[in-house]
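Student: Numbering (the UniProt record's numbering), first residue to last: 1 to 174.
Quick one: structure below, then a few questions.
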(Lines of atoms letter the chains of each structure in order from A; the text may use other names.)
(Lines give C-alpha, C1' and ligand atoms only; values in the text may rest on other atoms or scores of the structure.)
Protein backbone atom coordinates (compact mmCIF):
# COMPACT_ATOMS: atom_id res chain seq x y z
CA UNK A 1 0.00 0.00 0.00
CA UNK A 2 2.86 2.37 0.75
CA UNK A 3 4.09 1.98 -2.83
CA UNK A 4 0.71 3.02 -4.18
CA UNK A 5 0.60 6.07 -1.93
CA UNK A 6 4.15 7.00 -2.90
CA UNK A 7 3.26 6.59 -6.56
CA UNK A 8 0.20 8.78 -6.23
CA UNK A 9 1.81 11.39 -4.05
CA UNK A 10 4.26 13.37 -6.11
CA UNK A 11 5.13 16.63 -4.34
CA UNK A 12 7.26 17.79 -7.27
CA UNK A 13 4.21 18.34 -9.47
CA UNK A 14 2.75 21.82 -9.58
CA UNK A 15 -0.65 22.52 -8.10
CA UNK A 16 -0.98 25.69 -10.17
CA UNK A 17 -4.25 25.47 -12.06
CA UNK A 18 -4.29 26.06 -15.82
CA UNK A 19 -6.99 28.70 -16.40
CA UNK A 20 -7.98 27.05 -19.71
CA UNK A 21 -8.80 23.69 -18.15
CA UNK A 22 -9.08 24.23 -14.41
CA UNK A 23 -6.56 21.40 -13.97
CA UNK A 24 -3.10 21.41 -12.47
CA UNK A 25 -0.24 19.10 -13.46
CA UNK A 26 -0.82 17.33 -10.14
CA UNK A 27 -4.53 16.87 -10.95
CA UNK A 28 -3.64 15.28 -14.29
CA UNK A 29 -1.12 13.00 -12.60
CA UNK A 30 -3.64 11.85 -10.01
CA UNK A 31 -6.31 11.19 -12.63
CA UNK A 32 -3.88 9.26 -14.82
CA UNK A 33 -2.46 7.14 -12.01
CA UNK A 34 -5.81 6.25 -10.50
CA UNK A 35 -7.27 5.48 -13.93
CA UNK A 36 -4.29 3.27 -14.75
CA UNK A 37 -5.40 0.98 -11.93
CA UNK A 38 -9.06 0.95 -12.98
CA UNK A 39 -8.42 0.34 -16.67
CA UNK A 40 -6.46 -2.84 -15.92
CA UNK A 41 -9.85 -4.53 -15.62
CA UNK A 42 -11.83 -2.23 -17.90
CA UNK A 43 -14.48 -4.81 -18.77
CA UNK A 44 -15.50 -5.68 -15.22
CA UNK A 45 -15.09 -2.13 -13.97
CA UNK A 46 -17.15 -0.79 -16.86
CA UNK A 47 -19.95 -3.20 -16.04
CA UNK A 48 -19.73 -2.13 -12.40
CA UNK A 49 -19.99 1.52 -13.45
CA UNK A 50 -23.13 0.83 -15.47
CA UNK A 51 -24.63 -1.33 -12.75
CA UNK A 52 -24.28 1.64 -10.39
CA UNK A 53 -25.67 4.04 -12.98
CA UNK A 54 -28.66 1.85 -13.77
CA UNK A 55 -29.38 1.18 -10.09
CA UNK A 56 -29.27 4.84 -9.13
CA UNK A 57 -30.92 6.16 -12.29
CA UNK A 58 -33.49 3.74 -13.67
CA UNK A 59 -34.55 6.44 -16.14
CA UNK A 60 -31.08 6.17 -17.67
CA UNK A 61 -31.25 2.37 -17.67
CA UNK A 62 -34.48 2.56 -19.62
CA UNK A 63 -32.73 4.55 -22.38
CA UNK A 64 -30.87 1.36 -23.32
CA UNK A 65 -33.02 -1.22 -25.15
CA UNK A 66 -30.98 -4.12 -23.78
CA UNK A 67 -31.50 -2.98 -20.17
CA UNK A 68 -34.95 -1.39 -20.26
CA UNK A 69 -37.09 -2.68 -17.41
CA UNK A 70 -34.59 -5.40 -16.53
CA UNK A 71 -32.61 -6.21 -13.42
CA UNK A 72 -28.81 -6.35 -13.39
CA UNK A 73 -28.72 -10.13 -13.65
CA UNK A 74 -30.72 -9.91 -16.87
CA UNK A 75 -28.65 -7.31 -18.72
CA UNK A 76 -25.19 -7.82 -17.23
CA UNK A 77 -24.25 -10.63 -19.61
CA UNK A 78 -25.89 -9.10 -22.68
CA UNK A 79 -23.15 -8.63 -25.31
CA UNK A 80 -24.51 -5.16 -26.11
CA UNK A 81 -24.14 -4.16 -22.46
CA UNK A 82 -20.58 -5.45 -22.32
CA UNK A 83 -19.78 -3.71 -25.62
CA UNK A 84 -21.14 -0.37 -24.42
CA UNK A 85 -19.42 -0.62 -21.04
CA UNK A 86 -16.12 -1.33 -22.78
CA UNK A 87 -16.66 1.53 -25.24
CA UNK A 88 -17.24 3.96 -22.37
CA UNK A 89 -14.13 2.77 -20.55
CA UNK A 90 -12.05 3.15 -23.71
CA UNK A 91 -13.53 6.61 -24.31
CA UNK A 92 -12.65 7.67 -20.77
CA UNK A 93 -9.13 6.35 -21.35
CA UNK A 94 -8.81 8.36 -24.55
CA UNK A 95 -9.98 11.56 -22.83
CA UNK A 96 -7.49 11.04 -20.01
CA UNK A 97 -4.77 10.42 -22.59
CA UNK A 98 -5.54 13.84 -24.11
CA UNK A 99 -5.45 15.94 -20.94
CA UNK A 100 -2.34 17.71 -22.25
CA UNK A 101 -3.85 18.33 -25.70
CA UNK A 102 -6.82 20.51 -24.83
CA UNK A 103 -7.95 21.24 -28.42
CA UNK A 104 -8.06 17.51 -29.18
CA UNK A 105 -9.82 16.72 -25.91
CA UNK A 106 -12.33 19.48 -26.61
CA UNK A 107 -13.05 18.09 -30.10
CA UNK A 108 -13.44 14.55 -28.76
CA UNK A 109 -15.88 15.60 -26.04
CA UNK A 110 -17.89 17.75 -28.47
CA UNK A 111 -18.20 14.74 -30.78
CA UNK A 112 -19.39 12.69 -27.79
CA UNK A 113 -22.00 15.34 -26.96
CA UNK A 114 -23.26 15.44 -30.54
CA UNK A 115 -23.61 11.67 -30.77
CA UNK A 116 -25.48 11.47 -27.47
CA UNK A 117 -27.79 14.38 -28.22
CA UNK A 118 -29.26 12.30 -31.04
CA UNK A 119 -30.20 9.72 -28.40
CA UNK A 120 -31.95 12.32 -26.21
CA UNK A 121 -29.16 12.33 -23.63
CA UNK A 122 -28.94 15.60 -21.72
CA UNK A 123 -26.25 17.33 -19.67
CA UNK A 124 -28.16 16.13 -16.59
CA UNK A 125 -27.54 12.54 -17.67
CA UNK A 126 -23.84 13.30 -17.98
CA UNK A 127 -23.93 14.92 -14.54
CA UNK A 128 -25.50 11.76 -13.12
CA UNK A 129 -22.80 9.69 -14.81
CA UNK A 130 -20.13 11.90 -13.24
CA UNK A 131 -21.45 11.22 -9.74
CA UNK A 132 -21.50 7.51 -10.51
CA UNK A 133 -17.95 7.60 -11.90
CA UNK A 134 -16.81 9.20 -8.63
CA UNK A 135 -18.58 6.57 -6.55
CA UNK A 136 -17.24 3.74 -8.69
CA UNK A 137 -13.68 5.04 -8.37
CA UNK A 138 -14.03 5.29 -4.61
CA UNK A 139 -15.61 1.84 -4.37
CA UNK A 140 -13.05 0.18 -6.64
CA UNK A 141 -9.93 1.93 -5.37
CA UNK A 142 -10.72 2.69 -1.75
CA UNK A 143 -9.82 5.72 0.34
CA UNK A 144 -6.09 4.96 0.34
CA UNK A 145 -5.95 5.59 -3.42
CA UNK A 146 -8.92 7.92 -3.86
CA UNK A 147 -7.51 10.45 -1.44
CA UNK A 148 -9.15 13.85 -1.05
CA UNK A 149 -6.64 15.21 -3.59
CA UNK A 150 -7.52 12.45 -6.07
CA UNK A 151 -11.24 13.12 -5.57
CA UNK A 152 -10.64 16.82 -6.22
CA UNK A 153 -8.62 16.02 -9.35
CA UNK A 154 -11.37 13.78 -10.70
CA UNK A 155 -14.06 16.32 -9.81
CA UNK A 156 -12.19 19.01 -11.73
CA UNK A 157 -11.52 16.72 -14.69
CA UNK A 158 -15.08 15.49 -15.00
CA UNK A 159 -16.24 19.07 -14.49
CA UNK A 160 -14.23 20.07 -17.55
CA UNK A 161 -15.85 17.31 -19.61
CA UNK A 162 -19.31 18.24 -18.33
CA UNK A 163 -18.71 21.91 -19.17
CA UNK A 164 -17.81 21.05 -22.77
CA UNK A 165 -20.73 18.62 -23.12
CA UNK A 166 -23.15 21.22 -21.76
CA UNK A 167 -21.76 23.92 -24.05
CA UNK A 168 -21.93 21.70 -27.12
CA UNK A 169 -25.42 20.42 -26.41
CA UNK A 170 -26.58 23.99 -25.82
CA UNK A 171 -25.13 25.12 -29.16
CA UNK A 172 -26.65 22.17 -30.99
CA UNK A 173 -30.10 22.89 -29.61
CA UNK A 174 -29.94 26.62 -30.46
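Positions of the beta carbon are idealized from the N, C-alpha and C atoms, including for glycine.
What is the DSSP secondary structure of residue 121, reduced to helix, strand or coil?
Tutor: For the purposes of this step, residue 121 is taken as the residue at position 121 of the chain shown. Three-state result, residue 121: coil.
Student: Reducing DSSP to helix, strand and coil, say where residue 23 ends up.
Tutor: Translated into positions along the chain shown, residue 23 becomes position 23. The answer is coil: DSSP assigns residue 23 none of H, G, I, E or B.
Student: Keeping to the same chain, check which residues put their C-beta closer than 7 Å to that of residue 133; ignore five residues upstream and five downstream.
Tutor: Translated into positions along the chain shown, residue 133 becomes position 133. Around residue 133: 49, 158.
Student: Taking only the alpha-carbon atoms, compute the straight-line gap between residue 31 and residue 74 and give it to the nearest angstrom.
Tutor: As a working mapping, residue 31 is identified with position 31 in the chain shown. As a working mapping, residue 74 is identified with position 74 in the chain shown. Their Cα atoms are separated by approximately 33 Å.
Student: Out of 18, 22, 27, 19, which one is the CA nearest neighbour of residue 12?
Tutor: For the purposes of this step, residue 12 is identified with residue 12 of the chain shown, where counting begins at 1. Comparing Cα-Cα distances from residue 12 to each of 18, 22, 27, 19, the minimum goes to 27.
Student: From residue 43 to residue 135, what does the alpha carbon distance come to, in whole angstroms?
Tutor: Looking up residue 43 in the chain shown gives position 43. Looking up residue 135 in the chain shown gives position 135. Roughly 17 Å between the two C-alpha positions.
Student: So, for residue 16: in the same chain, excluding its five sequence neighbours on each side, which residues have a beta-carbon less than 8 Å away from its beta-carbon?
Tutor: Against the chain shown, residue 16 aligns to sequence position 16. If we look at residue 16 and ignore the five residues flanking it on each side, its Cβ neighbours are 24, 25.
Student: Quick check: what's the CA-CA separation for residue 61 versus residue 144?
Tutor: Walking along the chain shown from the start, residue 61 turns up at place 61. Walking along the chain shown from the start, residue 144 turns up at place 144. Their Cα atoms are separated by approximately 31 Å.
Student: Taking just the CA atoms, how far does residue 112 sit from residue 55?
Tutor: The residue labelled residue 55 in the question sits at position 55 within the chain shown. The residue labelled residue 112 in the question sits at position 112 within the chain shown. In a straight line, the C-alpha of residue 55 is about 23 Å away from that of residue 112.
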